[in-house]
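Top to bottom, those sequences are chains L and D. So the number in my numbering is just where the residue sits in the first sequence, counting from 1, plus 34. So the number in my numbering is just where the residue sits in the second sequence, counting from 1, plus 34. Backbone N, C-alpha and C fix where the C-beta goes; we use that ideal spot for every residue, glycine too.
2 protein chains.
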Amino acid sequence: MTVQTPPPSADIAETLLDMGRRARAASRALGKLGAKDRTRGLNAIAAGIRAAAPEILAANADDMAAGRAKGLDAAMLDRLALDEARVEGIAKGVEAVAALPDPIGRELARWTVPSGLDIARVAVPLGVIGIIYESRPNVTADAGALCLRSGNAAILRCGSESARSSRALVAAMRLALGAEGLPEDAIQLVPTQDREAVGHLLSGLEGQVDVIVPRGGRSLVERVQMDARVPVIGHLEGLCHVYVDGAADPDKAVAITVNAKMRRTGICGAAETLLVDAAIAESLLPELTEALEAAGCELRGDALARAIVPAMVAAREEDWSTEYLAPILAVAVVDGLDGAIAHIARWSSGHTDAIITEDQAAADRFFADVDSAILLHNASTQFADGGEFGMGAEIGIATGRIHARGPVGAEQLTTYKYLVRGTGQVRP
Amino acid sequence: MTVQTPPPSADIAETLLDMGRRARAASRALGKLGAKDRTRGLNAIAAGIRAAAPEILAANADDMAAGRAKGLDAAMLDRLALDEARVEGIAKGVEAVAALPDPIGRELARWTVPSGLDIARVAVPLGVIGIIYESRPNVTADAGALCLRSGNAAILRCGSESARSSRALVAAMRLALGAEGLPEDAIQLVPTQDREAVGHLLSGLEGQVDVIVPRGGRSLVERVQMDARVPVIGHLEGLCHVYVDGAADPDKAVAITVNAKMRRTGICGAAETLLVDAAIAESLLPELTEALEAAGCELRGDALARAIVPAMVAAREEDWSTEYLAPILAVAVVDGLDGAIAHIARWSSGHTDAIITEDQAAADRFFADVDSAILLHNASTQFADGGEFGMGAEIGIATGRIHARGPVGAEQLTTYKYLVRGTGQVRP
């Protein structure tokens, strides 16, 4: 049976545990496949999604109707909506993952030690990955595909808004795997939106889940970090800063700031705070303000910024820690590079921060002293993206400190083991 | 003040939080130091430990007296005991860490993408590391030194048996750092053995702790994994297997098995289970048994093993999951390579497992299908050690799947950030 159906509510624990066991079995089977088998499976999945477009669109129409009835706002409905072009985009995304280099089995390092042992560090899958995410149905396909590319079994837990669309997508993906003789349990979708299911998943399902990847808003990520009994590769919010240094090229400063904030305001790499060096604030802030407002951005300034541009709304304390994901930008005038570094150390979520300057020494110090996953010099924060990094698809941008930071692509969904080749060595 | 004194018990939460804040400040200061400063600090620590030998030995004598009064067994007392030679060994260990390549700032990868952005992945410290460990006082110096080498601030929580020795060691280490003008709060010791303190540390101290490294027995590691609200680099037990394949060279099989079990029985890389291929069990098991028993090892066999060597004690189910850390070995006769792989998949702790065979195809399949941090072909499991891997000192052998597996040395105590150099790029 390839289509998963919801369990009776009393059986949630048993259902999840069974999913965990099947995921483990699938991950063992995946481990014995070669890169070509995984590529074949991914291409079959892309074809299967195309073939199932009518069912996927019908399911999405039901999600959209339920979303409208529930009063979802226009932005959320847009993220949820699928049409033929978007389904084709999802299939193309899976094909792009199929075209990525396979990360499994790569020799990451190899050396010989004085005892004569030959030691190799070789990439292997993480195992079973639980992915908990919100609304957008394309994440279902992206996450499943990235896990398969990296030899991992995926247990997906989608948001309730996209549950019908995700179920149709996963059914198509599993059908395609099964038809190719590949383990269809490599991609499973939790068949209930009951929150209890998330709790079971976070418990690790008696050791069957190796890693949890939460992808969503702050409350989801915080719940996961609090309750998970297995490792988490966390994706906190993107509270990204653009610092315009005294030695900035004004044209670059304006173009980058407007792009960083306004190209797309709803992504985690969008800038949320602009820091302007006091040394050039008087000359540059009016120009920056004008360009941002012309692009439709609301500005909220600190006292120093409002002294220069009095029309600006006054920023409150919480503006420095708010991920607007909207055309709003907090603006502070800071005391040079040190002031910018101190502001970022206090408020950044460790995601992505940029400096605009022609002073190489200032850029070097910004790179050394700011501790975020991604630092940019003279480029827009909106480049914080696995595709723009040349990593193909990504499952998100990790803001934690261990295992993976920044874009999490197929390579980041691996671990390694040591293969030690001897000739009879015993340890003295 | 460089010597830390215990707090009034009511103030444990505040004391720990203050330690966390001071560790964070020290980690920021460490981040601005260069490799030469860290090396200078490490050499000063080694000298400081030598100079403080009388105080350290006096404190250790008190620990030993308390340990005897508490009824610690001879093996535990031996692990706890220091003398001048052992203190010199601890100092030399710190000098060995000083001689290691500094892992911070290394460019791990660098590439250019079509947008023209130049992307570099650069190693940075994890930040603040909480290390929770048991009895042996040398861990105090090793862990503090490895954290300093990798630019991390350490909050150490030692076992109660070695508390006085550890306090004297940490006092010497902090004094040495302070005298060199380096941040002495880079190495702090929790000044109370109250278990409540561990709870606070595991909570992450309001975001001041980035990673917890537990190093100790199963109950410690399980408590840490259950209660930690921050990432854990876990070191579970070493339930290591030696599989003697039908195509094994009998001399290598005997020498490696005896060494893997008996060289030192109390370390995590010691073998706990011997698996013998049924194809050669009848000819080889008596010889293996004789050699192991001659070395002082007790054997506990399954029914098939006892059919060949009837004098063997009968193994019970729990023998397959017991880390003896003693001269006892569980023995099972398995149905060839597949039987060995199945036994290991069921019982291994994912630490270290070895195959003895002259059949390259069997070794290759063992390497592919067994999923442990370290796999060895024709070599003793006792090589599972950072020093033997050429990594210098280690803080333990990680058995988890994320961030680091196998020996955790200075390089494994780092993470990375991306430095992206642009020329004004905005994202289309």
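query = Hey, quick one: how far does the alpha helix (DSSP H) through ARG340 (chain L) stretch, first residue to last?
reply = For the purposes of this step, residue 340 (chain L) is taken as the residue at position 306 of the first sequence. ARG340 (chain L) -> alpha helix (DSSP H) spans 337 to 342.
task = Starting from ALA388 (chain L), follow its DSSP beta bridges and name the residues at the other end.
result = Stepping through the first sequence from its first residue, residue 388 (chain L) is reached at position 354. Note: ALA388 (chain L) sits in a beta bridge opposite L:VAL276 and L:LEU410.
inquiry  = What would DSSP say about PRO148 (chain D), mapped onto helix, strand or coil?
reply    = Stepping through the second sequence from its first residue, residue 148 (chain D) is reached at position 114. Coil.
request  = Tell me GLN222 (chain D)'s beta-bridge partners as DSSP assigns them.
outcome  = As a position in the second sequence, residue 222 (chain D) is number 188, starting the count at 1. Answer by DSSP bridge pairing, in chain order: D:ILE189.
query = Straight-line CA distance for ALA282 (chain L) to ARG399 (chain L)?
reply = Residue numbering aside, residue 282 (chain L) sits at position 248 when the first sequence is read from its first letter. Residue numbering aside, residue 399 (chain L) sits at position 365 when the first sequence is read from its first letter. When rounded, the distance between both Cα atoms is 15 Å.
ask   = Is ASP166 (chain D) near LEU447 (chain D), with beta carbons less than 9 Å apart?
value = Walking along the second sequence from the start, residue 166 (chain D) turns up at place 132. Walking along the second sequence from the start, residue 447 (chain D) turns up at place 413. The amino acid occupying residue 166 (chain D) in the given sequence is Ile; Asp does not appear at that position. Result no, Cβ atoms of ILE166 (chain D) and LEU447 (chain D) do not sit closer than 9 Å.
request  = Work out the CA separation of ILE246 (chain D) and ARG74 (chain D) for me, nearest whole Å.
outcome  = By 1-based counting over the second sequence, the position of residue 74 (chain D) is 40. By 1-based counting over the second sequence, the position of residue 246 (chain D) is 212. Distance between the alpha carbons of ARG74 (chain D) and ILE246 (chain D) is about 26 Å.
query = Which ranges would you report for the beta strand (DSSP E) in the segment 216 to 266 of chain D if only whole runs of at least 3 residues count?
reply = 221 to 223 and 245 to 249
request  = Tell me whether GLU195 (chain D) is buried or exposed, calling it buried when 16 or more other Cβ atoms sit within 10 Å of its Cβ.
outcome  = Against the second sequence, residue 195 (chain D) aligns to sequence position 161. Note on GLU195 (chain D): 16 or more other CB atoms within 10 angstroms of its CB, so buried under the neighbour-count rule.
ask   = So which of D:ALA294, D:ALA87 and D:GLY373 has the shortest CA-CA distance to LEU203 (chain D)?
value = Numbered from its first residue, the second sequence carries residue 203 (chain D) at position 169. Closest option to LEU203 (chain D), Cα to Cα, is D:ALA87.
inquiry  = Let's test the definition: count the other Cβ atoms within 10 Å of the Cβ of GLY420 (chain L) and tell me whether it reaches 16, buried, or not, exposed.
reply    = Position 386 of the first sequence, counted from the first residue, corresponds to residue 420 (chain L). Classification of GLY420 (chain L): buried, given that the 10 Å Cβ count is 16 or more.
query = Which residues of chain L have a Cβ atom closer than 9 Å to the Cβ of GLY161 (chain D), listed in chain order?
reply = Reading the second sequence from its first residue, position 127 is the one you call residue 161 (chain D). Neighbours of GLY161 (chain D) on chain L, chain order: ASP405 and ARG435.
query = Can you tell me the Cα-Cα spacing of ALA119 (chain L) and ASP353 (chain L), whole angstroms?
reply = In the first sequence, counting from the first residue as 1, residue 119 (chain L) sits at position 85. In the first sequence, counting from the first residue as 1, residue 353 (chain L) sits at position 319. If I take the Cα positions, the gap works out to 38 Å.
query = With ILE314 (chain L) and ALA179 (chain L) assumed to form a contact (beta carbons below 8 Å), what rounded beta-carbon distance in angstroms separates them?
reply = The count along the first sequence starts at 1 and reaches residue 314 (chain L) at position 280. The count along the first sequence starts at 1 and reaches residue 179 (chain L) at position 145. Actually they are not in contact, since the Cβ atoms of ILE314 (chain L) and ALA179 (chain L) sit about 46 Å apart, beyond 8 Å.
inquiry  = Below 8 Å on the Cβ atoms is my contact criterion, and I expect GLY65 (chain L) with PRO159 (chain L) to pass it. Report the Cβ-Cβ distance as a whole number of Å.
reply    = Position 31 of the first sequence, counting from 1, holds the residue named residue 65 (chain L). Position 125 of the first sequence, counting from 1, holds the residue named residue 159 (chain L). Right, their Cβ atoms sit about 6 Å apart.
query = DSSP on ASP311 (chain D), reduced to helix/strand/coil?
reply = Your numbering for residue 311 (chain D) matches position 277 in the second sequence. ASP311 (chain D) falls in the strand class under three-state DSSP.
message = In the DSSP assignment, the beta strand (DSSP E) including THR448 (chain D) goes from what residue to what residue?
response = For the purposes of this step, residue 448 (chain D) is taken as the residue at position 414 of the second sequence. Annotation: the continuous beta strand (DSSP E) that includes THR448 (chain D) extends over 448 to 459.
ask   = For PRO159 (chain D), which beta-bridge partners are listed by DSSP?
value = Locating residue 159 (chain D) in the second sequence gives position 125, where the first residue counts as 1. PRO159 (chain D) pairs with D:THR448.
inquiry  = At the 9 Å Cβ level, is LYS295 (chain D) part of the contact set with chain L, yes or no?
reply    = The count along the second sequence starts at 1 and reaches residue 295 (chain D) at position 261. It does not: the Cβ of LYS295 (chain D) has no partner Cβ on chain L nearer than 9 Å.
query = Under the DSSP definition of a beta bridge, which residues are partnered with ILE153 (chain L)?
reply = Sequence index remark: in the first sequence, residue 153 (chain L) carries index 119 (1-based). Beta-bridge partners of ILE153 (chain L) (DSSP): L:TRP145 and L:VAL454.
Cα-Cα separation, ARG84 (chain L) to VAL121 (chain L) = In the first sequence, residue 84 (chain L) corresponds to position 50, counting from 1. In the first sequence, residue 121 (chain L) corresponds to position 87, counting from 1. C-alpha separation (whole angstroms): 7 Å.
ask   = Counting contacts by CB-CB distance shorter than 9 Å, is ASP244 (chain D) in contact with chain L?
value = In the second sequence, residue 244 (chain D) corresponds to position 210, counting from 1. It does; some Cβ of chain L falls within 9 Å.
request  = Return the Cβ separation of GLY127 (chain L) and ALA427 (chain L) in integer angstroms, given the expectation that the two are a contact with Cβ distance under 8 Å.
outcome  = Taking the first sequence and counting its residues from 1, one reaches residue 127 (chain L) at position 93. Taking the first sequence and counting its residues from 1, one reaches residue 427 (chain L) at position 393. So it is a contact: roughly 6 Å between Cβ atoms.
task = Measure the beta-carbon distance from TYR452 (chain L) to ALA157 (chain L) and round it to whole angstroms, keeping in mind my assumption that it falls under 8 Å.
result = Translated into the one-based positions of the first sequence, residue 452 (chain L) becomes position 418. Translated into the one-based positions of the first sequence, residue 157 (chain L) becomes position 123. The pair is not a contact, with the Cβ atoms about 12 Å apart (cut-off 8 Å).
request  = Taking only the alpha-carbon atoms, compute the straight-line gap between ALA262 (chain D) and SER237 (chain D) and give it to the nearest angstrom.
outcome  = Residue mapping note: residue 262 (chain D) aligns to position 228 of the second sequence, counting from 1. Residue mapping note: residue 237 (chain D) aligns to position 203 of the second sequence, counting from 1. Taking the straight line joining both Cα atoms gives about 6 Å.
key: Backbone CA spacing between THR49 (chain D) and PRO265 (chain D) [nearest angstrom]   = The sequence position of residue 49 (chain D) within the second sequence is 15, counting from 1. The sequence position of residue 265 (chain D) within the second sequence is 231, counting from 1. Their backbone Cα atoms lie some 22 Å apart in a straight line.
request  = Compute the distance between the beta-carbons of GLY161 (chain L) and ASP244 (chain L), then report whether it is under 9 Å.
outcome  = Here residue 161 (chain L) refers to the residue found at position 127 when the first sequence is read from its first residue. Here residue 244 (chain L) refers to the residue found at position 210 when the first sequence is read from its first residue. For GLY161 (chain L) and ASP244 (chain L), yes; Cβs fall inside 9 Å.
query = Where does PRO171 (chain D) land, buried or exposed, given buried means 16+ other C-beta within 10 angstroms?
reply = Residue mapping note: residue 171 (chain D) aligns to position 137 of the second sequence, counting from 1. With 16 or more neighbouring CB atoms inside 10 Å of its own CB, PRO171 (chain D) falls in the buried class.
ask   = Can you tell me whether DSSP reads ALA80 (chain L) as helix, strand or coil?
value = Along the first sequence, one-based indexing puts residue 80 (chain L) at 46. Three-state DSSP puts ALA80 (chain L) in a helix.
message = Please classify SER253 (chain L) as buried or exposed, where buried requires at least 16 other C-beta atoms within 10 Å of its C-beta.
response = As a working mapping, residue 253 (chain L) is identified with position 219 in the first sequence. Flag for SER253 (chain L) reads exposed.
request  = With hydrogens ignored, establish whether the beta-carbon of ALA289 (chain D) is closer than 8 Å to any heavy atom of the ligand ADP.
outcome  = Within the structure as shown, the ligand ADP is missing, as the structure has no ligands at all.
message = Just verifying my parser: in three-state terms, what is the DSSP assignment at PRO462 (chain D)?
response = What you label residue 462 (chain D) is simply residue 428 of the second sequence in a count that begins at 1. The answer is coil: DSSP assigns PRO462 (chain D) none of H, G, I, E or B.
query = Is the beta carbon of GLY185 (chain D) less than 9 Å from the beta carbon of LEU67 (chain D)?
reply = Mapped onto the second sequence, residue 185 (chain D) falls at position 151. Mapped onto the second sequence, residue 67 (chain D) falls at position 33. Contact flag set, yes.
ask   = Helix, strand or coil: which one does DSSP assign to ARG334 (chain L)?
value = Numbered from its first residue, the first sequence carries residue 334 (chain L) at position 300. If DSSP states are grouped into helix, strand and coil, ARG334 (chain L) belongs with the strands.
query = Given a limit of 7 Å on CB to CB distance, which residues of the segment 425 to 455 of chain D reach chain L?
reply = GLY434, ARG435, ILE436, HIS437, ARG439, GLY440, THR449, TYR450, LYS451, TYR452, LEU453, VAL454 and ARG455
Among D:ALA402, D:ALA206, D:ILE436 and D:HIS437, the one whose alpha carbon lies nearest that of ALA154 (chain L) = Here residue 154 (chain L) corresponds to residue number 120 of the first sequence, with the count starting at 1. Ranking D:ALA402, D:ALA206, D:ILE436 and D:HIS437 by CA distance to the CA of ALA154 (chain L) puts D:ALA402 first.
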